[in-house]
Structures are given as C-alpha cells and as structure tokens.
Amino acid sequence: MKGRIAFVTGATSGIGAACVRRFVAEGAKVVATGRRRERLADLSRELGEACHVVALDVRERGPVERVFAELPADFAAVDVLVNAAGGALGLGKADEARVEDWEEMIATNVRGLALLTRAAIPGMIARRRGHIVNLGSVAGSYSYPGGNVYGATKAFVERFSANLRSDLLGHPIRVTNIEPGMVETEFSLVRFGGDRAKADAVYAGMKPLTAEDIADLVHFAVTRPPHVNVNRLEVMPVDQAFGPFAVHREHTGGRGRAT
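Structure representation (structure tokens):
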C-alpha cells in the first residue's frame, strides 16, 4: 500500500474505521470521511499526518463533489475508494416499517455510494489507475423478514458494482463488491435505535466476523496484481449458514394443509 492514496467513507466506526487503520499501517495515505466530527478528530490524532479527515454527508451531492475538488495535493490522487458508509434501520416488516427509515437507507446506501463513485471515477480514469471497493451484504442475495429495503439497497450495490465493471472495461480500474454476513460492529446498535440489549442478542452464543476481518479482505482485494480483479467476495462467519425456504401453512378444514 505504500505510495497509494485511499478514500474511505463511513470511517468513524466499524468496517470503515478498520480499513483506515489497516491502510495507514500498510503505508498508505488515507482520506477518512464521516459525519461524526469528534470521532474523525480522534482518528486524526491517532494516525497522524497519513490520515486526512473530512466531515462529509455522503447523501449530499454538492459536498461530495467539492470534497474531491478541494483535497490537499498530497491526498488528491485517490486510487482506492472504499464505500463503507451505510447501514440498516429497523427490522419491521414492510407494513410496519417507518418510511423515514426506508428513505434514510436509500439515501445513504444507494444515493451516497453512487455519488461518491461518480465523483471518484474521472480522476481514476485520468491517472489510469484505480480501485472501487463497495461494501455490500449477503442481504443483497438472501432475503429475510424485515430486510425489505435494506436488502434491496445491497442488491443495488451488487448490480451497480457489476455494471461498473462493464462500463470501465478498457480502463485500468478495478471494482470489487465485498458482501459480509454477520459482523459485530455498531450495525445492530444502529438498526435497533441504540437498544444495546437487542443489539447484543443478535450475536449471542455465536462468533461473528469482526470489522478487522472485513478490512483484511478489502486489503487483500486492493493488493492483488494490477491485472487481477476480485469481482465479488461473499463471506460469513462459520456460525452462520443458510436456512430452508419459508412456507406459510394453515389448516383449511377438510382439505388438509395448503402449501
């Protein structure tokens, strides 16, 4: 990673913060962005001159476009973009979910990721190098009750990543979609509105992945030889696997069970 410049969103916690630390430890310079200014300040003090922090709301087009235009010269030639900003809100079924939660997830997981990617691409094309790493989720492939809009946003990330590969063919720019299963970060705490008991219950009795596990996979993808593109990487903890299809059954009088 020496000599490389990475731009990481969602850097104030979880996978984003782990990626920032891993990249700096490997010799890269990193632009770390997020909405929580105090955490960005802590990250800057911890990592020093190799980390340039910028408070950024990825949902807003103007600030996203300006941040690339106004980067200091030492951090301007971004050749790795890690779209780690995002999250889930609520676990209610579609008829129970808060529309505001849906809007927030779409704004961050879809709009924000797309805006950051679009802002980074021209510079990568001009410099003839670049790697876009999107943080998807197994929820984009496997449905579960309450996953409605969150899962749909991650399905968008998978398709968007694949379409980018098609659009950027002929340019030496790589695109990777990393799709984790259960990772113990602030993800569930945010999903349940700060309810620590509910968040802890998600990981009770099993060993989930860690943010550092995912940062390791991001590092693996971006350090392959330049001609190698890791298209899609799905990862789960050993304690997580697949279940049967859900089937609703009810008694229908003398006709037995409907399936």
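For the sequence shown, counting from 1, position 107 maps to 135 in the working numbering; every step adds exactly one. The beta-carbon is built from N, C-alpha and C at its ideal position, and this holds for glycine as well.
* Euclidean distance between Cα positions of Arg87 and Leu143 -> 8 Å
* To do: Please state whether DSSP places Val36 in a helix, a strand or coil.
  => strand
* Does the separation of the CB atoms of Val138 and Phe35 fall below 7 Å? -> no
* Asked: Roughly how far, in whole angstroms, is the beta-carbon of Val48 from the beta-carbon of Leu71, given that I think they are within contact range, below 8 Å?
  -> 7 Å
* Can you check whether the CB of His159 is closer than 7 Å to the CB of Val59? -> Pairing Val59 with His159 gives a Cβ-Cβ distance that is not under 7 Å.
* Of all the options Asp85, Ala53, Glu54, which has the alpha carbon lying nearest to the alpha carbon of Arg65? -> Asp85
* **Identity of the residue in Arg63, Asp102, Val95 nearest Ala83 by Cα** => Arg63
* First and last residue of the alpha helix (DSSP H) that includes Asn176? -> 176 to 195
* Asked: Between which two residues does the alpha helix (DSSP H) carrying Arg89 extend?
  -> 89 to 97
* Asked: Cβ of Tyr178 within 7 Å of Cβ of Ala122?
  -> no
* In terms of residue numbering, what span does the beta strand (DSSP E) encompassing Lys57 cover? -> For Lys57, the enclosing beta strand (DSSP E) stretches over residues 57 to 62.
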